[in-house]
Amino acid sequence: MKPFLRFMFAVILILLGGCASGSSISSAPAAQPTRVAAYIQNKGSDTIVNLALAWAERYQELHPDVRISVTGGGSGTGIAAMIDGTVDIANASRAMKAEEIAAAKAKGIEPVEHVVARDAIAVIVNPANPVEQLTLEQISLIYQGAINNWKEVGGEDRPIVRLSRETNSGTHVYFLEEVLRLGQKENKALFSMDTLLLPSSEGIISEVMDNPNAIGYDGLGYVIPEVKVVAVARRAGEAYIKPSVETVNNGEYPISRDLYMYTRRDAGQAVLDYLGWIKSSEAQKIVLKLGFVPIVGQSVTRK
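Residue numbering for the sequence shown is -30 to -1, 1 to 273, as defined by mature numbering (1 follows the signal peptide of the UniProt record, and there is no 0).
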């Protein structure tokens, strides 16, 4: 065989060997992605959103075949989405209103309430503010606009700047009904017109940190050391109590509430399994870690 032909023959053998080798590599089985068995869409309360995100992250670690989407927007927004059938779970920092339940039933949906944690609403001021304690009535009068200067409640001669969550917030609704109106059904008091409405719990914290004249309220899980928590008494002459897991559980702190998830009566098994896990001891440890109050002895039921 001529040298040139021998050379070309060797090249062809090398190329064929390379192709065979490549074919062998490409034929190895590829890693298969995890099969997603269920998607759960979860929307609503900004108070709960960080807790719901932590729950979702942990649950997906335990159940890689489940995907959970969590968004905020307020309790009213989440409940409306559940009624419209666009989410599986609505997070709410207040109970559903009668008109919301009626709207759901008009669409053939029977909502089911699940208590998933408890919370205290802390009344907060700037650390430079010398006021340490207030009664519920004083807080009510401040937010109605009947008390406008800190000196009227033992502070300095400074104007009060009122901060509140926006009206679609369950925390706003709860504070209006239980603090501003003192839990009295016949009371129709409203927030003062100059109350600044902020879209998030973090926004209230930030404004109180920056403004020595401000007063705000937030879920206990959002409170940071850079703001001062005011001790609250149910009425004058009674003990002033600060919010904590202990004072919520023993009923001493006067501004506490349940936190909810709402589903349809015909929710799928994946949703019920997730809610069952949320009420487990593992998930309730996350509640405590994030500054909320764990529940005890709850179970998932169909109503």
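We put the beta carbon where it would ideally sit given N, CA and C, even for glycine.
1. For Gln11, write down the residues that DSSP places opposite it in a beta bridge.
2. Checking contacts by CB at 7 Å: is Gly189 closer than that to chain C?
3. From Ala201 to Leu104, what distance separates their C-alpha atoms?
4. So the candidates are Ala8, Ala92 and Ala74; which of them puts its Cα closest to the Cα of Tyr232?
5. Taking all protein chains shown into account, decide if Met52 is buried (16 or more other Cβ within 10 angstroms of its Cβ) or exposed.
6. Mind checking residue 281: buried by the 16 CB within 10 Å criterion, or exposed?
7. Identify, in the order they occur along the chain, each residue of the same chain with its Cβ nearer than 8 Å to the Cβ of Asp188, setting aside the five sequence neighbours on each side.
8. Would you list the one or two residues that DSSP bridges to Gln103?
9. Below 8 Å, can you find three or more Cβ-Cβ pairs linking the stretch 55 to 71 to the stretch 130 to 147?
10. Check whether the stretch 218 to 236 touches the stretch 113 to 128, taking contact to mean three or more Cβ pairs, one atom from each stretch, closer than 8 Å.
11. Which whole-angstrom value is the C-beta distance of Val149 and Val178, which I expect to be below 8 Å?
12. Would you mind stating whether Leu106 and Arg204 have Cβ atoms separated by less than 7 Å?
13. Just to confirm, are Val6 and Arg37 a CB contact at a threshold of 7 Å?
14. Taking the alpha carbon of Phe262 as the reference point, which residue from Tyr230, Asn12 and Val215 has its own alpha carbon closest?
15. Where does Gly189 fall in DSSP's three states?
16. Let me confirm a value: Val19 is counted as buried when at least 16 other C-beta atoms fall within 10 Å, else exposed. Which label applies?
Quick answer:
1. Ser39
2. Included in the structure is just one protein chain, with no chain C present.
3. Going by the C-alpha atoms only, they are around 6 Å apart.
4. Ranking the options by Cα distance to Tyr232, first place goes to Ala74.
5. buried
6. The question about residue 281 has no answer, for the chain in this structure spans -30 to 273.
7. Counting only Cβ-Cβ distances below 8 Å, and skipping sequence neighbours, we find Ile91, Ala92, Ile94, Thr141, Ser171, Ile174 and Ile175.
8. Ala201
9. These segments touch.
10. no
11. Rounded, the Cβ-Cβ distance is 17 Å, inconsistent with contact.
12. yes
13. yes
14. Of the candidates Tyr230, Asn12 and Val215, the residue whose Cα lies closest to the Cα of Phe262 is Val215.
15. strand
16. Val19 is classed as buried because its beta carbon has at least 16 other beta carbons within 10 Å across all chains shown.
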